[in-house]
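Colleague:
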Amino acid sequence: MHPNTFLAALCATGLGVAFARPTSLDARQSIEKPAPRQGHGRHRRTSAIQRREVPQEHSHEIFITVVNEFLKKNNPDNIQDAIFALLGNAAASQGLGNIADPDCLQLATADRAFTNAKAENDIDGMTAALIYRGLERNTGSVGLASTACTSITAVNPEIGAISQHQDPASQGAAAINKAIALEIAFQISTIGGDPFDALDSGTFQPGQIGDPTARGNTCNTLDDEFGCIFSQGLIVEDATEDEVTAFVASRAGGGGNGGNGGGNGGGNGGGNGGGNGGATTTSAAGTTTTTAATTTTNAATTTTTDAATTTTTDAAVTTTTTTAATTTTAPPPAATGKVNLGQCRDPRVFFAPNLDGRREAFAFAPRDKSSFDHGADETLKTITDFICQQLNDRCRAPKITVDICKVAAAAASRLNGQAAADVFNAAFGL
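Throughout the sequence shown, residue numbering follows mature numbering (1 follows the signal peptide of the UniProt record, and there is no 0), covering -20 to -1, 1 to 410 in sequence.
This is the structure we're talking about:
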């Protein structure tokens, strides 16, 4: 693995911080690390933050430092420190400033830092804000997913397109986190940064469900200027560099921030072009806007029938589709899984031709029509929004299941076809 360019760029701009994703720990140790700028960094954290409050709060320290650097340049929401957004809600509430929803503090912090960095045309600052937005947020136990932000819309669509990594032991985390990392890579590419830097948003190996310490496989070293997840070699990168390259290439030719489901980016595009100096993250009262339209796994999908087929290749994704609309595909049998689905059985979707008599070659539909009675639709978001709502209203599933559904839907919303269905379905562990 080759080092990314983040360290060199930061040193060149004199930010007073250093970081790299080296080929080995020896390479990291050979890098000179200048002292943090006075007024920023770990050494001036408020004493209200307890060291072991949440185990991995400082694991990606370099990005917290840079985000704080830009946050403090113009901070109309009075956000206290970037570290608060990575804590659980009780601790995060100490640093909210004018942000009312602790589940949205990470988005608001990243959005403000990105706005300020963009005003200075600082690619490194914008890159750090994008990565910070995707960092895992702490939850109360191993395997517990964090809640999606729904009350705030990001000013910058690049930030709005990203959600936070999920606990690696939570349902569907591998697929969701990979999608998030790839989306970060694409967004970094749109601002002229190095897409490989997105791999530094990765989290730890999955912990043991039921761990009474709630620490999992984490670290929290306060005197590590890079972040202990890097210096101790604990980071799990969600994708390979080849996957990043292929994904960015495929997205670059396919429509930018809008994506395939809209996600959060659709409502944010207007805010990005305004004055960066005064732009403020806004509340989306009365709406249900998900914060993270994330991206994809490098899935190769093949669908064959007895009819003639044609094959098209876009970057690393290969799809075979039928040219004759004569074959119907029945959904796979429903399954019972470990996620608490309340009174329902199977929230997954399938992707097939000629559903419900539709003329479109392929569409999405719920697998379990008895619990999720919705017709087929070409747009996955239409189906997943319905399923997540039904999990709450009809199935009486617990809130964590509904949150998992929303995060999975956001992750799938930037994909197409079977790859999108696979990412959504993986979240339920069925």
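Note that the Cβ used here is the ideal one computed from N, Cα and C, for glycine as well.
Please give me, in chain order, every unbroken run of the alpha helix (DSSP H) with length at least 4 that falls completely inside the region 201 to 229.
Modeller: Those alpha helix (DSSP H) runs which fall completely within the region 201 to 229 and span 4+ residues are 208 to 211.
Colleague: Is A165 closer than 8 Å to F227 when the C-beta atoms are compared?
Modeller: Position 247 of the sequence shown holds residue 227. Position 185 of the sequence shown holds residue 165. The answer is yes: Cβ separation under 8 Å.
Colleague: I need the straight-line Cα distance from T133 to L110, nearest angstrom please.
Modeller: Position 153 of the sequence shown holds residue 133. Position 130 of the sequence shown holds residue 110. So the alpha carbons of these two residues sit roughly 15 Å apart.
Colleague: DSSP on D147, reduced to helix/strand/coil?
Modeller: To locate residue 147, count along the sequence shown from 1; it is residue 167. Reduced to three states, the DSSP call for D147 is coil.
Colleague: Spell out the partners DSSP gives D357 in its beta bridges.
Modeller: Position 377 of the sequence shown holds residue 357. Looking at the DSSP assignment, D357 forms a beta bridge with F344.
Colleague: Using CA coordinates, which residue listed in F342, C324, G355 is at the minimum distance from D336?
Modeller: Residue numbering aside, residue 336 sits at position 356 when the sequence shown is read from its first letter. Out of F342, C324, G355, G355 has the C-alpha closest to the C-alpha of D336.
Colleague: Going by beta carbon distance, what residues of the same chain come within less than 8 Å of L371, once the five residues before and after it are set aside?
Modeller: For the purposes of this step, residue 371 is taken as residue 391 along the sequence shown, with counting starting at 1. Excluding residues within five positions, the ones whose Cβ falls inside 8 Å are L321, G322, C324, P327, A377, T381, V382, C385.
Colleague: I'd like to know whether the C-beta atoms of E138 and T170 end up nearer to each other than 8 Å.
Modeller: Walking along the sequence shown from the start, residue 138 turns up at place 158. Walking along the sequence shown from the start, residue 170 turns up at place 190. Yes, the pair counts as a contact, with Cβ atoms nearer than the cut-off.
Colleague: Use the C-beta contact count for G187: other C-beta atoms within 10 angstroms, 16 or more gives buried, fewer gives exposed.
Modeller: Position 207 of the sequence shown holds residue 187. G187 comes out buried.
Colleague: Do you know how far the Cα of G397 is from the Cα of S39?
Modeller: Within the sequence shown, numbered from 1, the residue matching residue 39 stands at position 59. Within the sequence shown, numbered from 1, the residue matching residue 397 stands at position 417. About 36 Å.
Colleague: If you drop the 5 nearest sequence neighbours on each side, which residues of the same chain put their C-beta closer than 7 Å to that of F344?
Modeller: Counted from its first residue, the sequence shown places residue 344 at position 364. Once the five neighbours on either side are set aside, the close Cβ partners of F344 are V329, F331, A356, D357, L360, I363, A401.
Colleague: Secondary structure at A134, three-state DSSP: helix, strand or coil?
Modeller: What you label residue 134 is simply residue 154 of the sequence shown in a count that begins at 1. Coil.
Colleague: Return yes when the Cβ of A88 is within less than 8 Å of the Cβ of G123, no when it is not.
Modeller: As a working mapping, residue 123 is identified with position 143 in the sequence shown. As a working mapping, residue 88 is identified with position 108 in the sequence shown. No, the pair does not count as a contact, with Cβ atoms beyond the cut-off.
Colleague: Following the continuous beta strand (DSSP E) through V329, name the residue where it begins and the one where it ends.
Modeller: Along the sequence shown, read from residue 1 onward, the residue named residue 329 stands at position 349. Where V329 is concerned, the enclosing beta strand (DSSP E) stretches over 329 to 332.
Colleague: Between S143 and C84, is the Cβ-Cβ spacing less than 8 Å?
Modeller: By one-based count along the sequence shown, residue 143 stands at place 163. By one-based count along the sequence shown, residue 84 stands at place 104. Cβ atoms of S143 and C84: not closer than 8 Å.
Colleague: I need the boundaries of the alpha helix (DSSP H) containing C385, first residue and last residue.
Modeller: Along the sequence shown, read from residue 1 onward, the residue named residue 385 stands at position 405. Here the alpha helix (DSSP H) through C385 covers 379 to 392.
Colleague: If you count every other CB in all the chains shown that lies within 10 Å of the CB of S73, and 16 or more means buried, which is it?
Modeller: Taking the first residue of the sequence shown as position 1, residue 73 is located at position 93. That one is exposed.
Colleague: Provide the residue(s) that pair with T183 in DSSP beta bridges, ordered along the chain.
Modeller: On the sequence shown, residue 183 is found 203 positions in, with the first residue counted as 1. According to DSSP, T183 bridges with V216.
Colleague: Please list, in chain order, all residues of the same chain as R92 whose beta carbon is under 7 Å from its beta carbon, the five residues on each side excluded.
Modeller: Within the sequence shown, the letter at position 112 stands for residue 92. Cβ neighbours of R92 beyond the five flanking positions: L51, N55, D57, I59, T261.
Colleague: By Cβ distance, which residues of its chain are closer than 6 Å to C208, with the 5 residues on each side in sequence left out?
Modeller: Start at 1 with the first residue of the sequence shown, and residue 208 comes out as number 228. Correct list, in chain order: S39, C199, T201.
Colleague: Since A407 and A390 should fall inside the 8 Å C-beta cutoff, what is the C-beta to C-beta distance between them, to a whole number of angstroms?
Modeller: In the sequence shown, residue 407 corresponds to position 427, counting from 1. In the sequence shown, residue 390 corresponds to position 410, counting from 1. Actually they do not touch by this definition, with Cβ atoms about 10 Å apart.
Colleague: Indicate whether G172 and I215 have their beta-carbon atoms separated by less than 8 Å.
Modeller: In the sequence shown, counting from the first residue as 1, residue 172 sits at position 192. In the sequence shown, counting from the first residue as 1, residue 215 sits at position 235. Not a contact, by the Cβ cut-off of 8 Å.
Colleague: From G120 to P82, what does the alpha carbon distance come to, in whole angstroms?
Modeller: Locating residue 120 in the sequence shown gives position 140, where the first residue counts as 1. Locating residue 82 in the sequence shown gives position 102, where the first residue counts as 1. Near 14 Å, if we compare the C-alpha coordinates of P82 and G120.
Colleague: Mark A70 as exposed unless 16 or more other C-beta atoms lie within 10 angstroms of its C-beta, in which case mark it buried.
Modeller: Taking the first residue of the sequence shown as position 1, residue 70 is located at position 90. Exposed, since its Cβ has fewer than 16 Cβ neighbours within 10 Å.
Colleague: Taking the alpha-carbon of F352 as reference, which of C375, A97, A62, R117 has the nearest alpha-carbon?
Modeller: Translated into positions along the sequence shown, residue 352 becomes position 372. Ranking C375, A97, A62, R117 by Cα distance to F352 puts C375 first.
Colleague: Whole angstroms are fine: how far does the CA of F342 sit from the CA of G409?
Modeller: Taking the first residue of the sequence shown as 1, we reach residue 409 at position 429. Taking the first residue of the sequence shown as 1, we reach residue 342 at position 362. Cα-Cα distance, rounded: 25 Å.
Colleague: Would DSSP call G255 helix, strand or coil?
Modeller: In the sequence shown, counting from the first residue as 1, residue 255 sits at position 275. In this prediction, G255 has a pLDDT of 38, which is less than 50 and means its spatial position is unreliable; what the coordinates show is noted afterwards. Looking at G255 - three-state DSSP - the assignment turns out to be coil, as it is neither helix nor strand.
Colleague: Could you compute how far the alpha carbon of I160 sits from the alpha carbon of D218?
Modeller: What you label residue 160 is simply residue 180 of the sequence shown in a count that begins at 1. What you label residue 218 is simply residue 238 of the sequence shown in a count that begins at 1. If you take the alpha carbons of I160 and D218, they lie about 9 Å apart.
Colleague: Please classify K98 as buried or exposed, where buried requires at least 16 neighbouring CB atoms within 10 angstroms.
Modeller: The count along the sequence shown starts at 1 and reaches residue 98 at position 118. Answer is buried; the Cβ neighbour count reaches 16.
Colleague: Cutting at 8 Å between CB atoms, please list the residues of its own chain near A232, excluding the five before and the five after it.
Modeller: Here the question's residue 232 lines up with position 252 in the sequence shown. Cβ neighbours of A232 beyond the five flanking positions: F166, S169.
Colleague: Hey, could you find the ends of the alpha helix (DSSP H) G114 is sitting in?
Modeller: Looking up residue 114 in the sequence shown gives position 134. No alpha helix (DSSP H) holds G114; DSSP gives it neither H nor E.
Colleague: So, using beta-carbon positions, are E163 and R394 closer together than 8 Å?
Modeller: Working through the sequence shown from its first residue, we reach residue 163 at position 183. Working through the sequence shown from its first residue, we reach residue 394 at position 414. In contact: E163 and R394 (Cβ atoms closer than 8 Å).
Colleague: DSSP state of R231, grouped into three classes?
Modeller: Residue 231 sits at position 251 when you count from the first residue of the sequence shown. In the structure shown, R231 sits in a helix (DSSP, three-state: H, G or I).
Colleague: What does the alpha-carbon distance come out to for the pair A392 and A399?
Modeller: For this step, residue 392 is matched to residue 412 along the sequence shown. For this step, residue 399 is matched to residue 419 along the sequence shown. Straight-line Cα distance between these residues: approximately 8 Å.
Colleague: Can the beta-carbon of K108 be found closer than 8 Å to that of F43?
Modeller: Locating residue 108 in the sequence shown gives position 128, where the first residue counts as 1. Locating residue 43 in the sequence shown gives position 63, where the first residue counts as 1. Here the sequence assigns Ala to residue 108, which means Lys is not the residue at that position. Yes, the Cβ-Cβ distance between A108 and F43 is below 8 Å.
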